[in-house]
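>
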Amino acid sequence: DLGGLFVPDDNGNQIPLNELVDFIETESPMLISREDARRRINIGVNVRNRDVASLVKEIEEKIHAQVKLPSGYSLKFGGQFENLEKAKARLLIAVPVALAMIFILLYFAFGSFKYATLIYSAVPLSAIGGVFALWLRDMPFSISAGVGFIALFGVAVLNGIVLISFFNQLKEEGEMDIKSLILFGGNTRMRPVIMTAAVASLGFLPMAISNSNGAEVQKPLATVVIGGLITATFLTLIVLPVLYYMVERKNYPKKAQIGVLALLLLPFASNAQGDMLSIDEVRNSVIQNHPQLKNAQLGIKLEEASRAGVYKLNPVDIVLQHGQINYSERDYYLEANQNLGNFVSWFKLDAVTRQKILLAKSQEELLRRELLYKASAAYTDWKFSYYEAQLFDSLETMYKGIHERMQKRVKSGESDGLEMTFFSVRYTTLKNEKAAALSRLNDAWSQLCLSAWLKTENRSPELLQWIIALKEKGNVSPVLMNTMNATAELSKIETSYARSFYAPEYMVGYFNQSLEKVTGYWGFRAGISIPLWAWSTKSSVNQAKIKEEIIMNEIEIRQQELSFQLEALFKRYDVLTGTLNGQGSDYIQNLEGLKQKSLLQYVSGQSDFLSFAQIMDTYLNARIARMEMQREFEQVIHQIDFLTSSN
Numbered sequence: 002d003l004g005g006l007f008v009p010d011d012n013g014n015q016i017p018l019n020e021l022v023d024f025i026e027t028e029s030p031m032l033i034s035r036e037d038a039r040r041r042i043n044i045g046v047n048v049r050n051r052d053v054a055s056l057v058k059e060i061e062e063k064i065h066a067q068v069k070l071p072s073g074y075s076l077k078f079g080g081q082f083e084n085l086e087k088a089k090a091r092l093l094i095a096v097p098v099a100l101a102m103i104f105i106l107l108y109f110a111f112g113s114f115k116y117a118t119l120i121y122s123a124v125p126l127s128a129i130g131g132v133f134a135l136w137l138r139d140m141p142f143s144i145s146a147g148v149g150f151i152a153l154f155g156v157a158v159l160n161g162i163v164l165i166s167f168f169n170q171l172k173e174e175g176e177m178d179i180k181s182l183i184l185f186g187g188n189t190r191m192r193p194v195i196m197t198a199a200v201a202s203l204g205f206l207p208m209a210i211s212n213s214n215g216a217e218v219q220k221p222l223a224t225v226v227i228g229g230l231i232t233a234t235f236l237t238l239i240v241l242p243v244l245y246y247m248v249e250r251k252n253y254p255k256k257a258q259i260g261v262l263a264l265l266l267l268p269f270a271s272n273a274q275g276d277m278l279s280i281d282e283v284r285n286s287v288i289q290n291h292p293q294l295k296n297a298q299l300g301i302k303l304e305e306a307s308r309a310g311v312y313k314l315n316p317v318d319i320v321l322q323h324g325q326i327n328y329s330e331r332d333y334y335l336e337a338n339q340n341l342g343n344f345v346s347w348f349k350l351d352a353v354t355r356q357k358i359l360l361a362k363s364q365e366e367l368l369r370r371e372l373l374y375k376a377s378a379a380y381t382d383w384k385f386s387y388y389e390a391q392l393f394d395s396l397e398t399m400y401k402g403i404h405e406r407m408q409k410r411v412k413s414g415e416s417d418g419l420e421m422t423f424f425s426v427r428y429t430t431l432k433n434e435k436a437a438a439l440s441r442l443n444d445a446w447s448q449l450c451l452s453a454w455l456k457t458e459n460r461s462p463e464l465l466q467w468i469i470a471l472k473e474k475g476n477v478s479p480v481l482m483n484t485m486n487a488t489a490e491l492s493k494i495e496t497s498y499a500r501s502f503y504a505p506e507y508m509v510g511y512f513n514q515s516l517e518k519v520t521g522y523w524g525f526r527a528g529i530s531i532p533l534w535a536w537s538t539k540s541s542v543n544q545a546k547i548k549e550e551i552i553m554n555e556i557e558i559r560q561q562e563l564s565f566q567l568e569a570l571f572k573r574y575d576v577l578t579g580t581l582n583g584q585g586s587d588y589i590q591n592l593e594g595l596k597q598k599s600l601l602q603y604v605s606g607q608s609d610f611l612s613f614a615q616i617m618d619t620y621l622n623a624r625i626a627r628m629e630m631q632r633e634f635e636q637v638i639h640q641i642d643f644l645t646s647s648n
């Protein structure tokens with residue numbers, strides 16, 4: 002009975018409660034709460050299988066759309082959502098501080114702003130992967146996702162530290178150029194980086210697919226880590242080495258160097274040939290600049306100009322007599338005679354001149370063909386001399402790095418003097434071979450400039466090709482025999498020209514005279530000269546016939562020689578093609594793989610220098626033999642093209 006309760010007054014007297022208030026039974030709130038002097042009503046909501054932030058956002062949207070609160074009323078979301086908002090505020094401070102601390106620690110670890118920035122580049126790229134993974138799984142950003150990003154940044158940066166540290170270690174050893182260093186370092190550290198990412202991803206996989214209690218917290222965290230690790234691994238193995246190369250290449254010599262793995266792509270790589278001299282450019286230089294070809298073209302014009310003088314007459318004979326011819330007074334006698342010559346020989350000589358023009362054109366065509374062949378052959382010699390010198394240069398670069406490493410080993414007592422002595426002998430031999438290769442390269446360039454009449458500085462050649470296949474095995478081109486055939490035809494015409502001197506010569510004349518002071522006596526005359534005594538003409542005809550027979554025999558000999566030469570070239574082509582195909586298109590890659598493995602074994606201490614040097618000798622001999630075979634193969638192609646091409 003609540004009315005029987007006593008309450009004290011100001012004087013301490015006990016007063017029954019039913020004398021102060023009236024008791025009425027009615028419906029009202031079970032509990033009236035107040036906050037900041039305002040009444041408050043709490044409404045509890047259970048959240049399952051989704052995050053609190055998205056639920057609160059949805060509730061707010063529906064309340065604003067469907068509920069109109071009276072004046073003085075307000076809504077406030079508390080509980081886990083309020084804690085989430087406070088955590089976000091703290092996260093906005095913690096994440097930048099964590100990122101700044103990561104960068105500072107990287108700078109202290111490497112002592113370089115450059116390397117710290119390189120490794121720090123993992124942060125944005127890994128974040129891209131985390132955001133993409135959240136979007137792919139249709140998850141909003143949450144506190145657990147933010148924690149996942151912080152964990153992700155740590156793993157991504159750690160992988161970068163491992164890779165860059167190894168790069169710098171190889172750089173200090175000084176045994177490789179920048180490309181070889183990156184290839185070797187990336188290959189060596191690929192497995193640890195991938196294993197780190199794979200282990201972490203597999204560890205978070207159960208959380209990413211969980212549907213138990215707390216999955217709404219676990220899923221975003223695991224999703225961010227797994228997605229970010231994928232892009233972070235891509236960065237560490239691909240993008241980061243590229244950035245390292247862009248930053249460090251200025252610290253290496255600019256001369257062409259080929260290190261541990263770069264030779265693997267030598268026969269097929271571009272070698273940064275921005276100013277390449279192509280064989281088409283060489284052939285164009287021959288056609289446009291070679292003075293022998295210009296002289297041959299002038300010879301054609303000379304023969305064409307000589308044709309204008311074929312039909313020429315002998316000088317006119319003019320005789321004037323004046324004096325006492327028939328009596329004591331003076332008379333005159335004027336006479337003019339013109340020898341018309343041999344009409345038949347005129348036409349025969351014109352035929353000789355026309356044939357000489359054709360002969361000059363065929364000689365110019367043959368000369369152009371020969372000059373183009375010589376220039377192509379010289380280009381092939383220069384091209385292979387260039388790549389031979391590149392090969393020796395790459396080996397010298399590799400041996401130079403080994404020399405520095407060996408000096409360190411000798412100083413530390415890891416190697417004896419015998420190994421150093423053997424290395425010095427081999428290194429000196431290699432440098433001498435390189436000097437000889439450079440000398441051959443200079444000679445080949447000089448010969449190319451002379452053959453093609455080039456007026457340019459030394460440049461780089463085209464890339465080596467695997468096999469140049471013949472379109473077809475044709476016959477000897479008629480172009481090669483055009484000059485001899487034209488010479489034979491000229492001999493026949495000259496024989497006919499010699500016979501033309503059996504024909505008579507003709508003459509005409511005119512006279513005018515005075516007799517005893519009477520003028521106007523004039524007249525014409527005509528005559529013919531018959532060669533009754535033609536011994537010299539007959540001799541000339543016989544000589545022309547003999548010359549004609551000699552030329553025909555020479556044509557037959559030349560045709561036979563060209564046929565045998567072409568047949569021998571086809572046989573050699575088949576042999577070389579079979580050998581090259583037998584070696585296979587991956588022959589060079591196999592040799593480079595042998596060299597790479599041998600170098601890695603030596604650097605890692607699994608083999609001594611003697612074994613390494615023996616393998617390098619085998620490698621070098623095989624590469625040189627392959628180049629010589631390809632050189633001969635291309636020269637055979639040029640010769641076959643010279644003999645069979647119709648152009």
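When the letters of the sequence shown are read in order and numbered with our numbering, they come out as residues 2 to 648. Heads up, the beta-carbon is just placed ideally off N, CA and C, and yes, glycines get one too.
When DSSP labels each residue in this structure, what does residue 291 get in the three-state scheme?
Here residue 291 refers to the residue found at position 290 of the sequence shown. Here residue 291 sits in coil by DSSP.
> Taking 7 Å as the cut-off, decide whether the C-beta atoms of residue 120 and residue 107 are in contact.
Translated into positions along the sequence shown, residue 120 becomes position 119. Translated into positions along the sequence shown, residue 107 becomes position 106. Contact: yes.
> Starting from residue 373, follow the alpha helix (DSSP H) in both directions and report where the run begins and ends.
For this step, residue 373 is matched to residue 372 along the sequence shown. Looking at the DSSP string, the run of the alpha helix (DSSP H) that includes residue 373 is 344 to 413.
> Between the C-alpha atoms of residue 497 and residue 576, what's the straight-line distance to the nearest angstrom?
By 1-based counting over the sequence shown, the position of residue 497 is 496. By 1-based counting over the sequence shown, the position of residue 576 is 575. Their backbone Cα atoms lie some 50 Å apart in a straight line.
> DSSP three-state call for residue 142: helix, strand or coil?
Here residue 142 refers to the residue found at position 141 when the sequence shown is read from its first residue. In this structure, residue 142 counts as coil in the three-state DSSP scheme.
> Given residue 152, which residues of its chain have a CB within under 7 Å of its CB, disregarding the five upstream and five downstream residues?
Position 151 of the sequence shown, counted from the first residue, corresponds to residue 152. Contacts found: 226.
> What are the start and end residues of the alpha helix (DSSP H) that includes residue 629?
As a position in the sequence shown, residue 629 is number 628, starting the count at 1. First-last of the alpha helix (DSSP H) with residue 629: 610 to 645.
> For my contact list, residue 599 and residue 616 are in at a C-beta cut-off of 8 Å; report their separation, rounded to the angstrom.
For this step, residue 599 is matched to residue 598 along the sequence shown. For this step, residue 616 is matched to residue 615 along the sequence shown. Cβ-Cβ separation between residue 599 and residue 616: approximately 4 Å, consistent with a contact (criterion under 8 Å).
> According to DSSP, is residue 49 helix, strand or coil?
Taking the sequence shown and counting its residues from 1, one reaches residue 49 at position 48. Three-state result, residue 49: coil.
> Considering only the alpha carbon of each residue, which of 553, 128, 287 and 544 lies closest to residue 453?
In the sequence shown, counting from the first residue as 1, residue 453 sits at position 452. Taking each of 553, 128, 287 and 544 in turn and checking the Cα distance to residue 453, the smallest one comes out for 287.
> Would you mind reading off the limits of the alpha helix (DSSP H) that contains residue 192?
Within the sequence shown, numbered from 1, the residue matching residue 192 stands at position 191. For residue 192, the uninterrupted alpha helix (DSSP H) segment begins and ends at 179 to 209.
> Considering only residues of the same chain and omitting the five flanking positions on each side of residue 162, which have a CB-CB separation below 8 Å?
Here residue 162 refers to the residue found at position 161 when the sequence shown is read from its first residue. If we look at residue 162 and ignore the five residues flanking it on each side, its Cβ neighbours are 107, 110 and 120.
> Just checking my contact of residue 538 with residue 571 at CB under 8 Å: how many whole Å lie between their CB atoms?
Your numbering for residue 538 matches position 537 in the sequence shown. Your numbering for residue 571 matches position 570 in the sequence shown. About 50 Å separates the two Cβ atoms, so there is no contact after all.
> Our contact map puts residue 390 next to residue 449 with C-beta atoms below 8 Å; I'd like the distance itself, whole angstroms only.
Along the sequence shown, read from residue 1 onward, the residue named residue 390 stands at position 389. Along the sequence shown, read from residue 1 onward, the residue named residue 449 stands at position 448. At roughly 14 Å, the Cβ-Cβ gap does not stay under 8 Å, so residue 390 and residue 449 are not in contact.
> Among residues of its own chain, excluding the 5 on either side of residue 530, which ones have a beta-carbon nearer than 6 Å to its beta-carbon?
Counting from one through the sequence shown, the residue named residue 530 turns up at place 529. 505 and 506.
> Note down, in chain order, each residue of its chain lying with its Cβ closer than 6 Å to the Cβ of residue 138, except the 5 sequence neighbours on either side.
Taking the sequence shown and counting its residues from 1, the one referred to as residue 138 is at position 137. Hits under 6 Å: 224.
> Sort out for me which residues DSSP pairs residue 444 with in a bridge.
Within the sequence shown, numbered from 1, the residue matching residue 444 stands at position 443. Per DSSP, none; premise fails for residue 444.
> Rounding to the nearest angstrom, what Cα-Cα distance links residue 87 and residue 74 in this structure?
The residue you call residue 87 lines up with position 86 of the sequence shown. The residue you call residue 74 lines up with position 73 of the sequence shown. For residue 87 and residue 74, the distance between alpha carbons rounds to 24 Å.
> Below 8 Å on the Cβ atoms is my guess for residue 156 versus residue 222; work out the distance and round it to an integer in Å.
Walking along the sequence shown from the start, residue 156 turns up at place 155. Walking along the sequence shown from the start, residue 222 turns up at place 221. About 13 Å separates the Cβ atoms of residue 156 and residue 222, ruling out a contact at the 8 Å cut-off.
> Any idea if residue 256 is buried or exposed, counting beta-carbon neighbours within 10 angstroms, 16 or more meaning buried?
Your numbering for residue 256 matches position 255 in the sequence shown. With a pLDDT of 38 at residue 256, under the threshold of 50, the modelled position of that residue is not reliable, and no figure is offered here.
> Should residue 93 be labelled buried (16 or more other beta-carbon atoms within 10 Å of its own) or exposed?
Translated into the one-based positions of the sequence shown, residue 93 becomes position 92. The residue in question, residue 93, is exposed, as its Cβ has fewer than 16 Cβ neighbours within 10 Å.
> Let me make sure I understand the geometry here. Which of 515, 556, 500 and 550 has the alpha-carbon closest to that of residue 532?
As a first step, residue 532 is located in the sequence shown; it is residue number 531 there, counting from the start. Measuring from the Cα of residue 532, the nearest candidate turns out to be 500.
> Residue range of the alpha helix (DSSP H) that residue 502 falls in?
As a working mapping, residue 502 is identified with position 501 in the sequence shown. Taken as a continuous stretch (DSSP letters only), residue 502 belongs to no alpha helix (DSSP H), as it is neither H nor E.
> What does residue 523 pair with, by DSSP beta-bridge criteria?
Taking the first residue of the sequence shown as position 1, residue 523 is located at position 522. Answer by DSSP bridge pairing, in chain order: 513.
> Which of the three DSSP states is assigned to residue 649 in this structure?
For residue 649 there is no data in the structure shown, the boundaries of the chain being 2 and 648.
> Beta carbon of residue 639, beta carbon of residue 379: below 7 Å?
Within the sequence shown, the letter at position 638 stands for residue 639. Within the sequence shown, the letter at position 378 stands for residue 379. With contacts defined as CB atoms closer than 7 Å, residue 639 and residue 379 fail to qualify as a contacting pair.
> Assign residue 291 to buried or exposed, taking buried as 16 or more other Cβ atoms, counted over all protein chains shown, within 10 Å of its Cβ.
Here the question's residue 291 lines up with position 290 in the sequence shown. Per the 10 Å Cβ criterion, buried.
> Look up residue 318 in the DSSP assignment and say whether it is helix, strand or coil.
Position 317 of the sequence shown, counting from 1, holds the residue named residue 318. Reduced to three states, the DSSP call for residue 318 is strand.
> Assuming the contact rule is C-beta atoms closer than 8 Å, residue 629 and residue 381 should be a hit. Round their C-beta distance to whole Å, please.
Translated into the one-based positions of the sequence shown, residue 629 becomes position 628. Translated into the one-based positions of the sequence shown, residue 381 becomes position 380. Not confirmed; about 12 Å, so no contact.
> Judging by CA-CA distance, which residue of 455, 585 and 520 is the nearest neighbour of residue 279?
Residue 279 sits at position 278 when you count from the first residue of the sequence shown. Of 455, 585 and 520, the residue nearest in Cα terms is 455.
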